[in-house]
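The structure appears below as structure tokens.
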Amino acid sequence: MNLLGLVRVNIFRNKRRSILTVMSVMVALFLFATLRTVITSFQAAVDFADVNRLVARNKISLIFPLPLAYREQIAAVEGVTGVSYGNWFGGTYIDEKNFFAQFAVDPETYFTLYPEFIVPEDQLNTFKRERNSCIVGEGLANQYGWKVGDVVPLKGTIFPGDWEFVIRGIYNGGTDDTVDKRQLFFHWSYLDERNFMGQGNVGFYIVQTRDAQLAPRVSQAIDARFANSATETYTETEAAFQLGFISMMGNVQFAVNLIGFAVVVAIILVAMNTMMMAARERISELAIMKILGFTDGAVVTMVASEAMLIALIGGGLGCLIARVLFEQTGFTMGGFFPSFIVRETTIVQGLLISALLGGLSALWPAVQAARLREAEALRHLS
Amino acid sequence: MQAQREEAGVNLVELKQVTKVYYRDDFEVPVLQKIDLEVSRGGFLGVMGPSGSGKTTILNLIGGIDVATSGQVIVDGQDLGKLNRRQLAEYRARHVGFIFQLYNLIPVLTAFQNVELPLLLHKLSKSERAERAMTALGIVGLADRAQHFPRQLSGGQEQRVAIARAIVADPTLLLADEPTGDLDAKSAADILTLIERLNREFEKTIILVTHDPHAAARAHEVVHLDKGVLTHAPAPVG
């Protein structure tokens, strides 16, 4: 036995209480990890954005289109190295609760501007050749059991009618966990030819610049080109564009943070109280140890270590369970969060919170243990 | 330290004009009044007196658990009044073995682990600690109960484990505060026999605080304490 052995023995002296304390910390940190992941998932789209990509949309609103004719003019702007375009489709797959993003895109250029979407070359080539084909994300393929060659039927909402697409490619994101693997892309021309609301219009342009530093200048140049025209543009970085979506939801992040903080703190206070009670019960034993010759520092270290260890075990388990659970179940909150992954930074934050919880729990008992005078302790023991 | 020991000579413990006053709120509670006491090396001293007479306080001062208000407490040439808290903790770890009335074993540790506990303060390997702990348990006759928890032992056995813990680090001095106070007559006699043996065979210097005249009879010399004042009495014939 050594001091660590003593710590271990004391943690398991009351197994039921220790297990319940670990579980309460585990629940608190599971909640923390989940709520933090809601926030980081909001951020994922922003994190995915490339510094060299801009998004040009109708200045009035994203729901209004832009002429396809703008493509050549945008491509001619100094600093632009690539242009693609697309439309949000917004159809329904079988049931409204099967939500996932669908875009009609230019097959020749879109995946060049988005190298993050990794598609086998042969699949991409087939997709380019076949007008009624589509490329789907790996997340969708796994969820619905789709394979290359399967037909995906969609019911149009914005663009009415029944639409069918043949899967010719499945993309993944490689090691980039910000890639949304739950999207479907099909030919813009297939949408355009069946679009009874008017042809030759796109929802947005994706513009690649030579250098991120050029972004402000290129944005202004594009918007200046179409200023005072019938259809003015508003061009911004991809990150700013994604942030715009998030801000549409109001201060959801603040609300989630606030509620999450309150819940986690409530649970943590209970766990702290339990740990403090456990430490207080052992004042007699700490007194014996001091009489035997253990220093104040040794006793304080032991008390603090026990609380810290329980907190870290509970916190580690909570974060780990959150990570594994959401990863293994492919949880996306009905498609609202395409990429719901508990990040390493969240786990580290969780462990730090656990350590803080352990330290705070141990603080009062440790102070008491340090202040315990041997003569007083002996009277207490008698 | 060695020079001080040589200077100390035959006395291991010396109290010189020791006074102890406790302060409770605004009240002064004098407990010991100008005590002079000597305990020879290898000696066995009994301290008797009514409750509140200051017997435990004398043990606390000699054991480095408390500090005298005035006077000197010198153990093996070392004036304990000159030591800080950390040094007193080290002094207790190296030089003093405590035996309490209520055993004060750690309930979640086995007998072996309880006895091993003081050795964690010494630079010993795991195997050295194990050997010493088992030796100590062997001396008190409980080597076969090493893996039992205190709740699985009788009162007498618990006290023997406590004695093993007190001697495992080979201390200079054993301080026993009513070691038989919670035991039946047979167990008490066994414990006193064991304590006598530690003094006789292992030459441990022992100070025994007791109410029990039978316990005091085992000592070589007995002193009486009453209201903080020390008197001496010759050891009873027995």
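Residue numbers (our numbering), protein chains in the order written: chain Y, 97 to 478; chain L, -6 to 231.
Positions of the beta carbon are idealized from the N, C-alpha and C atoms, including for glycine.
Small disclaimer: the values here were computed from a predicted structure and weren't measured.
Can you name the residues that DSSP bridges to residue 7 of chain L?
Beta-bridge pairing links residue 7 of chain L to L:31, L:67.
Going along chain L, which residues have a C-beta under 7 Å from residue 471 of chain Y?
Simply 53, 58, 59.
Check whether the stretch 347 to 355 of chain Y touches the stretch 164 to 177 of chain Y, taking contact to mean three or more Cβ pairs, one atom from each stretch, closer than 8 Å.
The stretch 347 to 355 of chain Y vs the stretch 164 to 177 of chain Y: no contact.
Would you check if the distance between the CB atom of residue 357 of chain Y and the CB atom of residue 151 of chain Y is smaller than 8 Å?
Against a cut-off of 8 Å, the Cβ pair of residue 151 of chain Y and residue 357 of chain Y comes out as no contact.
Can you give me the C-alpha to C-alpha distance between residue 161 of chain Y and residue 186 of chain Y, rounded to a whole angstrom?
The straight-line gap from Cα to Cα measures roughly 15 Å.
Is there a Cβ of chain L sitting closer than 8 Å to that of residue 389 of chain Y, yes or no?
Taking Cβ atoms only, chain L reaches closer than 8 Å to residue 389 of chain Y, which makes this a yes.
How many Å lie between residue 426 of chain Y and residue 274 of chain Y at the Cα?
In a straight line, the C-alpha of residue 426 of chain Y is about 14 Å away from that of residue 274 of chain Y.
Tell me, please, whether the CB atom of residue 97 of chain L is closer than 8 Å to any CB atom in chain Y?
Closer than 8 Å to some Cβ of chain Y, the Cβ of residue 97 of chain L qualifies, so yes.
Can you tell which of Y:146, Y:469, Y:473 has the C-alpha that lies nearest to the C-alpha of residue 272 of chain Y?
Considering only alpha carbons, the answer is Y:146.
Please determine if the stretch 190 to 202 of chain L and the stretch 109 to 127 of chain L are in contact, where contact requires at least 3 C-beta pairs separated by less than 8 Å.
With the cut-off at 8 Å, the stretch 190 to 202 of chain L and the stretch 109 to 127 of chain L do not touch.
Counting only beta-carbon separations shorter than 8 Å, does residue 419 of chain Y have a partner in chain L?
No, because no Cβ of chain L sits closer than 8 Å to the Cβ of residue 419 of chain Y.
For residue 469 of chain Y, which residues in the same chain have their Cβ closer than 7 Å to its Cβ, ignoring the five residues on either side in sequence?
No residues qualify anywhere along the chain.
Count the other CB atoms, across all protein chains shown, that sit within 10 Å of the CB of residue 132 of chain L; report buried if there are 16 or more and exposed otherwise.
Counting Cβ neighbours within 10 Å, residue 132 of chain L comes out buried, since at least 16 surround it.
Kindly say whether residue 85 of chain L, judged by its beta-carbon, lies nearer than 8 Å to any beta-carbon of chain Y.
It does; some Cβ of chain Y falls within 8 Å.
So the alpha helix (DSSP H) residue 186 of chain L belongs to, where does it begin and stop?
From DSSP, the alpha helix (DSSP H) with residue 186 of chain L extends over 178 to 193.
Would you identify the three-state DSSP class for residue 401 of chain Y, choosing helix, strand or coil?
In the structure shown, residue 401 of chain Y sits in a helix (DSSP, three-state: H, G or I).
Return yes when the Cβ of residue 6 of chain L is within less than 8 Å of the Cβ of residue 64 of chain L, no when it is not.
Taking 8 Å as the Cβ cut-off, residue 64 of chain L and residue 6 of chain L do not qualify as a contacting pair.
Assuming residue 55 of chain L contacts residue 40 of chain L (C-beta within less than 8 Å), just tell me the rounded distance between them.
Their Cβ separation, rounded to whole angstroms, is 10 Å, which puts residue 55 of chain L and residue 40 of chain L out of contact at 8 Å.
Any C-beta of chain Y sitting closer than 8 Å to the C-beta of residue 130 of chain L?
False, the Cβ-Cβ gap to chain Y never drops below 8 Å.
Listed in chain order, which residues of the stretch 370 to 387 of chain Y have Cβ atoms closer than 8 Å to some Cβ of chain L?
Listed by position, the residues of the stretch 370 to 387 of chain Y near chain L (Cβ gap below 8 Å) are 380, 381, 384, 385, 386, 387.
Kindly indicate the opening and closing residues of the alpha helix (DSSP H) around residue 364 of chain Y.
Per DSSP, residue 364 of chain Y belongs to the alpha helix (DSSP H) from 348 to 377.
In the stretch 100 to 116 of chain L, which residues sit with their C-beta less than 7 Å from some C-beta in chain Y, listed in chain order?
Result list: 101, 102, 106, 109, 110, 111, 113, 114.
From which residue to which residue does the beta strand (DSSP E) around residue 197 of chain Y run?
It spans 197 to 201 - the beta strand (DSSP E) in which residue 197 of chain Y sits, taken as one unbroken run.
Within 8 Å of any Cβ in chain Y, is that where the Cβ of residue 138 of chain L sits?
False, the Cβ-Cβ gap to chain Y never drops below 8 Å.
I want to know whether the stretch 393 to 403 of chain Y touches the stretch 456 to 473 of chain Y - three or more CB-CB distances under 8 Å.
Taking 8 Å as the limit for Cβ pairs, the verdict is that the stretch 456 to 473 of chain Y does touch the stretch 393 to 403 of chain Y.
Compile a chain-ordered list of the residues in the stretch 107 to 140 of chain Y whose CB is closer than 7 Å to at least one CB of chain L.
The residues in question are 109.
Can you round the beta-carbon distance between residue 106 of chain L and residue 97 of chain Y to whole angstroms, since I take them to be within the 8 Å contact cut?
That pair is a contact at about 5 Å.
Throw me the rounded Cβ distance for the residue 50 of chain L and residue 13 of chain L pair, which I believe falls under 8 Å.
Contact holds; Cβ gap of about 5 Å.
Within 8 Å (strictly less), CB to CB, does residue 97 of chain Y reach chain L?
Yes, residue 97 of chain Y lies at the interface with chain L (some Cβ there is under 8 Å from its Cβ).
By the three-class DSSP mapping on this structure, what secondary structure does residue 300 of chain Y have?
Here residue 300 of chain Y sits in strand by DSSP.
Can you tell me the Cα-Cα spacing of residue 376 of chain Y and residue 106 of chain Y, whole angstroms?
In a straight line, the C-alpha of residue 376 of chain Y is about 13 Å away from that of residue 106 of chain Y.
Where does residue 455 of chain Y fall in DSSP's three states?
In the structure shown, residue 455 of chain Y sits in a helix (DSSP, three-state: H, G or I).
Taking only runs of the beta strand (DSSP E) that begin and end inside the stretch 260 to 330 of chain Y, which ones reach a length of at least 3 residues, in chain order?
List check, beta strand (DSSP E) in window: 279 to 283, 300 to 305.
Which of helix, strand or coil does DSSP assign to residue 150 of chain L?
Residue state, collapsed to three classes: helix.
If you draw a straight line from the C-alpha of residue 22 of chain L to the C-alpha of residue 412 of chain Y, how long is it?
C-alpha separation (whole angstroms): 53 Å.
Just to confirm the assignment, what range does the alpha helix (DSSP H) spanning residue 58 of chain L have?
Element bounds for residue 58 of chain L: n/a, residue is neither H nor E.
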